[in-house]
Structures are given as C-alpha cells and as structure tokens.
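Inspection log for the structure reproduced underneath, given as structure tokens.
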Amino acid sequence: MVKRASILGTGSCLPKRLLTNADLEKMVETSDEWITTRTGIHTRRIAGKGEDNYLLAANAARKALQDAGTEPDEIDLIVVATMTPHMIMPSCACFVQAEIGADNAFAYDINAACTGYLYGLDLADKYICSREDMKILLIGSETLSARVNWKDRNTCILFGDGAGATVISSRGDGKGVYDSNLCSDGRLWHLLYMHGPKSLNPEIVQDGNDGSYIRMIGRDVFKHAVRAMEEAVQGLLDKNNLTIDDVDLMIPHQANVRILHKVMERLGVPEEKVYINVNKYGNTSAASIPVALDEANRQGLLNRGDLLLFCSFGGGFTWGSLLMHW
15 MVKRASILGT GSCLPKRLLT NADLEKMVET SDEWITTRTG IHTRRIAGKG EDNYLLAANA
75 ARKALQDAGT EPDEIDLIVV ATMTPHMIMP SCACFVQAEI GADNAFAYDI NAACTGYLYG
135 LDLADKYICS REDMKILLIG SETLSARVNW KDRNTCILFG DGAGATVISS RGDGKGVYDS
195 NLCSDGRLWH LLYMHGPKSL NPEIVQDGND GSYIRMIGRD VFKHAVRAME EAVQGLLDKN
255 NLTIDDVDLM IPHQANVRIL HKVMERLGVP EEKVYINVNK YGNTSAASIP VALDEANRQG
315 LLNRGDLLLF CSFGGGFTWG SLLMHW
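Numbering-wise (this note's numbering), the sequence shown opens with residue 15 and increments by one.
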C-alpha cells in the first residue's frame, strides 16, 4: 500500500489588529459598499509589533503541533510558503525552526504566491511517498501589509496578514493526498507581480521598480483566475473519474467572493459545500487555505475519510487543485 501525505494537525495565527472597510474609507477614496460589493471583504488583519511573518508562522506551527500531538524535535522538514518573507536570506522556515526548537529539521521556503500552500502539500506528498516515516511542518504565512501600496484602492482593500500550519505524515491506511493538478504560466506575470528590492548593480536595475509592492490588473486577473481554477478542478475530477458530488468540502483560496461564486457556479457546487472566510480576513495569499482548513477543523466540519478539494490561483501565474482524504 502506497503511503500518502496526511494532515495530522492544524493551526493558525492571525494578527490582533482589525482593519475594517470603515477604516479604509479614511485612508483612500473608497467606501464600505464599494469594497463589499466587489470583493465580499469586510475586515482583514494587519500585523503589528511582535507579529513578523516568522512569528505568525511559528505561533501557527505550535498550535498545529499541539493538535497533532507532535513535539518540535520530531519534525524532519519545515516548508514555509510565502511571498513576503521576514528577510530575503535566511529563509522564513529557518527562523521558524529556531523559534520553535525543531532542531532535527531541515528548512526552506517556497514562493508560488497564493498557490504556495498547494504546491507545498504536493511536495510533502512526494517526500512521504519516498520516506513514509517523515514528519513535515508545512506553513503558509504572509505579511502582505508590508507589500501593499496603501494609496492604491484597487489593491490595498484586498489583502491581509496571517499564517496557517499543518503537520503532515503518513497515516498508515493509504489515505491522504489523492491527486493534484498544478499549473503555471510565466508569460502572464505582468498582470500580477511585485518587484524585489532595487538592484545595487546598475547594469541590471529593473525599469519601473519604484517599490516592492503588489501591482495588479484586476479585471484580467479575475478572468484568468475563474477559468484557471474551474479547469484545474474539473480536469482533476475527470482524471480520477469523480464528480463534484463526490467532494465533501471544497476549501478554495480566499481571494475575492465574486471569484469564488463564479467558480462555484461553473462547477455546480452548492455554497454549503464550500468553506468561505474571505469576508473576515481578505486575501492572505499562501496562508488562506491553511487558515480556512484550521477553522473548518476546529469547527468540527471535517470527518475522517471526507474527500476535500483545494484550489487556488496566484501571481506568476500559478494555479492548481488538489484532492485529499481527511
């Protein structure tokens, strides 16, 4: 029996500060009605002092370890999916390792924007298939507030900070990750991107780099996101001779409620089978799926053997879907 990656425990950590639509009305030319109608977002969490990316990630990790009944020194690998790391180097994962005392682990970050957690989950499954006794700490963590232009109402209303973590290993019954369908298209990067720090080598300074913040052509991203997630999900279901009716719960990337409703409509999935919390947290990029998963877990919405469907879309472009048995 092939051992697959199973989630043993979940955890999440959200910053204390709540940024409401009413607060944003005082910062940029916008309104609660405008934001709510176009995004479905009412509030988002914004990091403050003592809430750096790696600290949010570490706190989420501690909760996941507790939920899994696992000690930090049992972890073999730490992977942090993020596009807003604490530093360029060392990795956020190395900071988490030191913070939680996971002395026996090796650690690194991955950056697939909002699809990072799904890429990481697929990666974890490959490790488990190779070495079934591995225990992996997979975290999605972002402080997007540090990379938002707060004068741009088209982007600053969307994003929030937070972290979600999962402890992953084989479970012994062959259940866990079922299959995945991961994609990317680097030709479309210019529709959603973020510059890095300005080059200190004058020969390779990037044109138009006046700051490391998120830039987006929202209308085009919306169209690509809906179509890409629909095709990723339907392709995965078809490949495995499944229908959307076989799925017990869908946990999508929490980007925008209009995107989610359009994807749900095209797939024919009823709202009661989709977990949505974008109204509370906004778009937390790689953190959104593991945060939603932790909430669903702690609310008792997940039962052993349930077939879960994850899907996401992010800058790069990256997108994909993944099926797993809880």
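No residue lacks a Cβ here, since even glycine has one placed at the ideal position from N, Cα and C.
Close beta carbons around residue i, own chain, < 8 Å, minus the five adjacent residues each side
| i | result |
| --- | --- |
| L315 | L263, Y289 |
| D199 | G330, F331 |
| W164 | M41, V42, C170 |
Test item: CB-CB of residue i and residue j under 8 Å
| i | j | result |
| --- | --- | --- |
| P29 | E85 | no |
| E156 | S335 | no |
| R18 | I142 | yes |
| M338 | Y207 | no |
| A82 | I114 | no |
| A107 | Y122 | yes |
| A179 | G25 | yes |
| A242 | W333 | yes |
Where residue i sits in the DSSP three-state scheme
| i | result |
| --- | --- |
| V191 | strand |
| V292 | helix |
| A179 | strand |
| R52 | helix |
| E65 | coil |
| T24 | strand |
Own chain residues within Cβ distance below 6 Å of residue i, not counting five before or after
| i | result |
| --- | --- |
| G328 | A127, C128, T129 |
Alpha-carbon to alpha-carbon, residue j and residue i
| i | j | result |
| --- | --- | --- |
| V94 | A138 | 12 Å |
| L151 | V292 | 24 Å |
| C325 | A75 | 22 Å |
| F173 | K212 | 23 Å |
| K253 | K276 | 23 Å |
| D260 | L321 | 7 Å |
| D166 | G222 | 16 Å |
| F109 | L70 | 11 Å |
Own chain partners of residue i with C-beta closer than 7 Å, once the 5 adjacent residues on each side are dropped
| i | result |
| --- | --- |
| N35 | D46, I49, T50, H56 |
| V273 | According to the sequence as given, residue 273 is Ile; it is not Val. Only F236, A239, V240 meet the Cβ criterion. |
| G210 | S226 |
beta-carbon residue i near the ligand ZN non-hydrogen atom, thresh 7 Å
| i | result |
| --- | --- |
| R58 | No copy of the ligand ZN appears in this structure; indeed no ligand is present at all. |
Interface flag, residue i vs chain C, CB-CB below 8 Å
| i | result |
| --- | --- |
| G225 | No chain C is part of this structure, which consists of one protein chain only. |
Only counting runs of 4 or more residues, tell me where the alpha helix (DSSP H) segments fall wholly within the stretch 222 to 288, in order along the chain.
-> 232 to 253, 271 to 281
What beta strand (DSSP E) runs, 3 residues minimum, are completely inside the stretch 72 to 150?
-> 91 to 95, 120 to 124
Continuous beta strand (DSSP E) assignments of at least 3 residues falling wholly in the stretch 297 to 328 = 321 to 328
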